[in-house]
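Structure, as structure tokens:
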Amino acid sequence: MQLKFGLSYIAIIAAVLLLLNTYPLLVSEDLVFRSKETTMQGSVSVMVYSLAGLDRLNQENVAAAMAVVEETGLSRVLVTDSAGQVLYDTRETLGAVGKYTFYSEIVQALEGYDAFSCSYRDGAFRSRAASPVLYQNRIIGSVYAYEYDTEQAELLEGLQSNLLKLSAGIAAAVVLLSFILSRMLTRKISALLTGIRKVREGAYEHRTHISGRDEIAQIGEEFNSLTDRLQTTETLRRRFVSDASHELKTPLAAIRLLTDSILQTDNMDMETVRDFVTDIGSEAERLSRITEDLLRLTRLDSNQVDPPEVVEVAPVLEQVMRMMSLLAQEKGTELTCQTGGDCRVLATKGEVHQVIYNLTDNAVKYSGSHGSVRVELRRDGNDVVLTVADNGPGIPEEDLPRVFERFYRVDKARSRAAGGTGLGLSIVQDTVTKRGGTVSAANRPEGGAVFTVRWPAAEGGEAV
Numbered sequence: 028m029q030l031k032f033g034l035s036y037i038a039i040i041a042a043v044l045l046l047l048n049t050y051p052l053l054v055s056e057d058l059v060f061r062s063k064e065t066t067m068q069g070s071v072s073v074m075v076y077s078l079a080g081l082d083r084l085n086q087e088n089v090a091a092a093m094a095v096v097e098e099t100g101l102s103r104v105l106v107t108d109s110a111g112q113v114l115y116d117t118r119e120t121l122g123a124v125g126k127y128t129f130y131s132e133i134v135q136a137l138e139g140y141d142a143f144s145c146s147y148r149d150g151a152f153r154s155r156a157a158s159p160v161l162y163q164n165r166i167i168g169s170v171y172a173y174e175y176d177t178e179q180a181e182l183l184e185g186l187q188s189n190l191l192k193l194s195a196g197i198a199a200a201v202v203l204l205s206f207i208l209s210r211m212l213t214r215k216i217s218a219l220l221t222g223i224r225k226v227r228e229g230a231y232e233h234r235t236h237i238s239g240r241d242e243i244a245q246i247g248e249e250f251n252s253l254t255d256r257l258q259t260t261e262t263l264r265r266r267f268v269s270d271a272s273h274e275l276k277t278p279l280a281a282i283r284l285l286t287d288s289i290l291q292t293d294n295m296d297m298e299t300v301r302d303f304v305t306d307i308g309s310e311a312e313r314l315s316r317i318t319e320d321l322l323r324l325t326r327l328d329s330n331q332v333d334p335p336e337v338v339e340v341a342p343v344l345e346q347v348m349r350m351m352s353l354l355a356q357e358k359g360t361e362l363t364c365q366t367g368g369d370c371r372v373l374a375t376k377g378e379v380h381q382v383i384y385n386l387t388d389n390a391v392k393y394s395g396s397h398g399s400v401r402v403e404l405r406r407d408g409n410d411v412v413l414t415v416a417d418n419g420p421g422i423p424e425e426d427l428p429r430v431f432e433r434f435y436r437v438d439k440a441r442s443r444a445a446g447g448t449g450l451g452l453s454i455v456q457d458t459v460t461k462r463g464g465t466v467s468a469a470n471r472p473e474g475g476a477v478f479t480v481r482w483p484a485a486e487g488g489e490a491v
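In this text, residue positions in the sequence shown follow the working numbering: the first is 28, and each later residue adds one.
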């Protein structure tokens, strides 16, 4: 991976450096060409102007006319007649006077066109320009100029050399920087991949330590947050499985003990057998309740809930009160109920019934003999509020934050004796929160506990 990142950086920088070493040179070369064209054509125009008054060209009058032209600094100047014969040549040795020359620029000039060409090779600019000499709109000859310039070429070569040195320095710095960055990047990614592999193998306590504020560091923080949630979920799952196993094991052990007692005892009287069988039935019923509560919690955790509908809470509350009144009478508990306002929520009748029943059942069981339980339903702004209060012993302050945990009991022996599964309050909380509500527990100043449920009120719709 580090090699891939390094090669990617180097490829990008190589393309940039190639552009840096070609574009300025091409632009500079083009500027020199344009400058040469302007200069050469200007010099040729001066010489053409000096010959423009002659009706015909020969060696004498051309030499006289060219003598008055100041030094142009050109490497070579040729003047030809209309047939292409050279009449004047500034080259002193191996001159072409008297000879015919047909340079492409001279041919174009004799045809009546201005011509220019320039090339750069072998460390020099070679420029050529030619223009026709006219007399009364008649071509009587041409002027050809040639320049061999090494000074401009040296400047261009110096620019190229400086660019190469600069590019080499930049390339070295970029290679070093890309190596450092790629190592940093791959180290972070490797740490993240290592963390993912460890968490995949079950090490949910593993955390990555990626410094910085870049995107990979942010991914590392999100990964740590995810593993925190996974660890919490795994801890809860293991504790849930352990607690569920323990809760299921207790009635199963009791059933096994009772059945073994019946089978291993000879001549057991029917009254004792009937008591044992009754106890077996009670434990089986308790086992059934635990199983049903576990299935209900599993459905809530999996979001397998029925679609909500507008439910009128008051009729459901009255139904629960009728059912609980018999249990309250048996325990000598005073059970009162008060409703008021338009109390409709988005849920299902079964959910509302389950919440009210579980809270009221807990209050009646733990209020003690000759206790009192008060259930109140009211409208509070945009909420429907249900409160269930009792005058029992209340809940120890250290246990209040945990009363809604699964299988958590304030008094385990008393809870089992009362027939509780330790899941009722968990079911209440999960059921209410699934519909956007809240549930809380608190102690009353005058003694006892109070549970408060808040549902978002449902507006409009036909209540069921």
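Each residue gets a CB set at the ideal place from its N, CA and C atoms; glycine is no exception.
Please report the straight-line C-alpha distance between residue i and residue j, rounded to a whole angstrom.
i	j	result
M295	R283	17 Å
E425	A469	12 Å
T66	L161	21 Å
L81	N88	8 Å
T318	N389	19 Å
R481	M351	22 Å
E312	T259	32 Å
R224	T458	36 Å
A200	T221	31 Å
T465	Q456	7 Å
G446	R301	Because G446 carries a pLDDT of 47, less than 50, the predicted location of this residue cannot be relied on, and the following value inherits that uncertainty. Their backbone Cα atoms lie some 21 Å apart in a straight line.
E486	G451	29 Å
P334	C370	19 Å
Q163	M93	20 Å
E432	L314	20 Å
Exposed or buried, residue i, counting other C-beta atoms within 10 Å across all chains shown (16 or more means buried)?
i	result
G308	exposed
V73	exposed
I207	exposed
A230	exposed
R462	buried
K215	buried
A90	exposed
D287	exposed
A180	buried
P423	exposed
D417	buried
G209	This sequence places Ser at residue 209; Gly is not what is there. By the neighbour-count rule (16 or more Cβ atoms within 10 Å), S209 is buried.
Which of the three DSSP states is assigned to residue i in this structure?
i	result
Y140	coil
T479	strand
A490	Any reading at A490 must be qualified, since the residue scores a pLDDT of 49, below 50, and its modelled position is unreliable; the value itself is stated next. In the structure shown, A490 sits in coil (DSSP, three-state: anything other than H, G, I, E or B).
S102	coil
L450	coil
Q346	helix
A94	helix
Q163	coil
F431	coil
V304	helix
T384	As written in the sequence, residue 384 is Tyr, which differs from the Thr given in the question. In the structure shown, Y384 sits in a helix (DSSP, three-state: H, G or I).
A485	coil
Y130	coil
E473	coil
L84	coil
L362	strand
D296	coil
D410	strand
R283	helix
S209	helix
Check this for me: beta carbons of residue i and residue j, under 8 Å apart or not?
i	j	result
A157	A136	yes
E178	G150	no
G398	T360	yes
L114	Q86	yes
I133	S77	no
L105	T120	no
V347	V372	no
A355	E310	no
S102	Y175	yes
T254	R234	yes
G239	L219	no
Under the assumption that residue i contacts residue j (Cβ atoms under 8 Å), give the Cβ distance between them as a whole number of angstroms.
i	j	result
R401	G368	Incorrect: roughly 17 Å between the Cβ atoms, too far for contact.
Y393	G419	5 Å
V415	F478	5 Å
T375	E336	6 Å
L386	L344	In fact, because the Cβ distance is near 11 Å, the residues do not count as touching under 8 Å.
V59	F152	6 Å
S109	I166	6 Å
D410	A341	Between A341 and D410 the Cβ distance is about 15 Å, and since that is not below 8 Å, they are no contact.
V304	K358	Not a contact, Cβ separation roughly 26 Å.
R155	Y173	5 Å
Any beta carbon of chain D sitting closer than 8 Å to that of residue i?
i	result
E425	The structure shown has no chain D; it contains just one protein chain.
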